[in-house]
Amino acid sequence: MRRDLARLTAERYDAIVVGGGIHGACAAWEAALRGLKVALIEARDFGHATSSNSLRTLHGGLRHLQRLDVARMRESIRERRQWLRLAPHCASPMRFVLPTTGHAVRGPTFMRAALWINDLVGLDRNRGVRPDRWLPRGSVWSRAQLQSSFAGVPLTGSNGAAAWYDAICLNTERLQIAVVAAAVAAGAHAANYVRAVRLVVDDGRVCGLGVRDELTGRELELRARFVINAAGPWVDEWLRELSRPPRAPMFHASREGEALHPAGARRPTSLSRGTAIRSWARGICAAITRFAR
Numbered sequence: 002m003r004r005d006l007a008r009l010t011a012e013r014y015d016a017i018v019v020g021g022g023i024h025g026a027c028a029a030w031e032a033a034l035r036g037l038k039v040a041l042i043e044a045r046d047f048g049h050a051t052s053s054n055s056l057r058t059l060h061g062g063l064r065h066l067q068r069l070d071v072a073r074m075r076e077s078i079r080e081r082r083q084w085l086r087l088a089p090h091c092a093s094p095m096r097f098v099l100p101t102t103g104h105a106v107r108g109p110t111f112m113r114a115a116l117w118i119n120d121l122v123g124l125d126r127n128r129g130v131r132p133d134r135w136l137p138r139g140s141v142w143s144r145a146q147l148q149s150s151f152a153g154v155p156l157t158g159s160n161g162a163a164a165w166y167d168a169i170c171l172n173t174e175r176l177q178i179a180v181v182a183a184a185v186a187a188g189a190h191a192a193n194y195v196r197a198v199r200l201v202v203d204d205g206r207v208c209g210l211g212v213r214d215e216l217t218g219r220e221l222e223l224r225a226r227f228v229i230n231a232a233g234p235w236v237d238e239w240l241r242e243l244s245r246p247p248r249a250p251m252f253h254a255s256r257e258g259e260a261l262h263p264a265g266a267r268r269p270t271s272l273s274r275g276t277a278i279r280s281w282a283r284g285i286c287a288a289i290t291r292f293a294r
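Structure representation (structure tokens):
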């Protein structure tokens, strides 16, 4: 995979993808697999921003069950299965444990039913996946099982736990580059440190981009039938910079935090509801789930 700007500017593309995070890389890959002529550009390193700051889970949509959104559950299960099939060197099973409390929606009975539905909706979760990457069924633990597995962790108010399996990708950077490389192998042209600075408009229709080589400052022009904005949290800002503000905000900000603590920390912090904790290097990483501002 070479950064070849001469080749990039010599072609007329079906699509230019702006943003080399995981969504932009996947969009370029999918388009190239379908026979489209695609260019993928990124203003900095591929996957340097949002894609590099995640909990690194490939979840199967269990949380969508709260809203009875089975369609999104199925979508998440299929996508998780695809990553386990396509990238078993990066994605692997991981058990998640949620302490249960009381006898209502956070209680053992409700969680047992939720895990049963999750397994039923995801009955084909291991289809085509190699055996060492299969995801087992979920289960409900007793308080004794929970205490045995998490000795030293305060479990005040817990009467057991719900345990289920999702996939995790500890080296998302490797996966990111692998997707970019796969897009290139399928025929896409990719270049980082290429910033989109203006839209090329012909007869009221966007037909390309003016871009700047961030390494030399030289400005170039790319031509395409359409442009895909995969700039992540900069999706609206980028359009405003190009004097094409969206009619309504396309990006809705959410808050997410991560904190790294020593492995022996008993009470690392009081982050928020929905805190997820996983091992990371020689410590633990605690992250709150996203919620709207």
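Numbering (my numbering), first residue to last: 2 to 294. Just so you know, even glycine gets a beta-carbon here, dropped at the ideal spot from N, CA and C. What you are looking at is a predicted structure, and each value in this text was computed from that prediction instead of being measured.
Beta-carbon gap between residue i and residue j smaller than 7 Å
{"i": "arginine 126", "j": "arginine 86", "result": "no"}
{"i": "arginine 226", "j": "aspartate 15", "result": "yes"}
{"i": "tryptophan 142", "j": "glycine 123", "result": "no"}
{"i": "arginine 184", "j": "alanine 44", "result": "Before going further, note that residue 184 is alanine rather than arginine in the sequence given. Not in contact: alanine 184 and alanine 44 (Cβ atoms no closer than 7 Å)."}
{"i": "leucine 223", "j": "glycine 233", "result": "no"}
{"i": "glycine 22", "j": "serine 52", "result": "yes"}
{"i": "arginine 4", "j": "alanine 192", "result": "yes"}
{"i": "methionine 112", "j": "alanine 163", "result": "yes"}
{"i": "arginine 79", "j": "threonine 173", "result": "no"}
{"i": "valine 236", "j": "valine 207", "result": "no"}
Given residue i as reference, the closest of the options once Cα atoms are compared
{"i": "leucine 116", "options": "Ala88, Glu76, Cys170 and His65", "result": "His65"}
{"i": "isoleucine 178", "options": "Asp5, His49 and Phe111", "result": "His49"}
{"i": "arginine 107", "options": "Ala33, Gln67, Pro155 and Asp237", "result": "Gln67"}
{"i": "leucine 99", "options": "Arg175, Ala32, Phe151 and Arg241", "result": "Phe151"}
{"i": "methionine 2", "options": "Ala32, Gly188, Leu221 and Gln146", "result": "Gly188"}
{"i": "leucine 156", "options": "Thr102, Arg131, Asn193 and Leu121", "result": "Thr102"}
{"i": "phenylalanine 97", "options": "Glu80, Val201 and Ala168", "result": "Ala168"}
{"i": "proline 109", "options": "Leu240, Leu147 and Ala92", "result": "Leu147"}
{"i": "leucine 121", "options": "Glu80, Arg75 and Phe111", "result": "Arg75"}
{"i": "phenylalanine 47", "options": "Ala231, Asp237 and Ala105", "result": "Ala231"}
{"i": "leucine 59", "options": "Trp84, Asn119, Leu9 and Leu176", "result": "Trp84"}
{"i": "leucine 9", "options": "Asn119, Gly211 and Arg241", "result": "Gly211"}
Through-space distance from residue j to residue i, alpha-carbon basis
{"i": "proline 89", "j": "tryptophan 135", "result": "10 Å"}
{"i": "glycine 20", "j": "valine 195", "result": "10 Å"}
{"i": "arginine 199", "j": "proline 94", "result": "43 Å"}
{"i": "leucine 295", "j": "valine 39", "result": "This structure cannot settle anything about residue 295, because the visible part of the chain is limited to 2 through 294."}
{"i": "alanine 33", "j": "proline 137", "result": "34 Å"}
{"i": "alanine 7", "j": "serine 140", "result": "56 Å"}
{"i": "leucine 37", "j": "leucine 171", "result": "32 Å"}
{"i": "glutamate 220", "j": "alanine 197", "result": "10 Å"}
{"i": "serine 159", "j": "tyrosine 166", "result": "20 Å"}
{"i": "arginine 131", "j": "cysteine 91", "result": "13 Å"}
{"i": "glutamate 31", "j": "aspartate 204", "result": "29 Å"}
{"i": "alanine 11", "j": "histidine 190", "result": "11 Å"}
{"i": "valine 181", "j": "valine 154", "result": "41 Å"}
{"i": "histidine 24", "j": "leucine 41", "result": "11 Å"}
{"i": "alanine 114", "j": "arginine 175", "result": "37 Å"}
{"i": "glycine 61", "j": "isoleucine 118", "result": "12 Å"}
{"i": "cysteine 27", "j": "arginine 35", "result": "12 Å"}
{"i": "threonine 270", "j": "serine 149", "result": "Low confidence applies here, because threonine 270 scores a pLDDT of 45, under 50, leaving its location unreliable and the question unanswered by this model."}
{"i": "aspartate 133", "j": "leucine 240", "result": "45 Å"}
Buried/exposed call for residue i, threshold 16 Cβ in 10 Å
{"i": "leucine 63", "result": "buried"}
{"i": "valine 18", "result": "buried"}
{"i": "valine 1", "result": "Nothing about residue 1 can be read from this structure; the chain reaches only from 2 to 294."}
{"i": "glycine 218", "result": "exposed"}
{"i": "arginine 13", "result": "exposed"}
{"i": "leucine 69", "result": "exposed"}
{"i": "glycine 129", "result": "exposed"}
{"i": "alanine 105", "result": "exposed"}
{"i": "alanine 72", "result": "exposed"}
{"i": "serine 77", "result": "buried"}
| task | Return the chain-ordered ranges of every alpha helix (DSSP H) run that is complete within the region 167–227 and spans a minimum of 4 residues. | result | 173–186
| message | What ranges does the beta strand (DSSP E) occupy inside the region 82–135, keeping only unbroken runs of at least 3 residues that lie completely in it? | response | 92–102
| message | Quick check for students: name the residue ranges of the alpha helix (DSSP H) that lie wholly in the region 11–93, counting only runs of 4 or more. | response | 23–34 and 71–87
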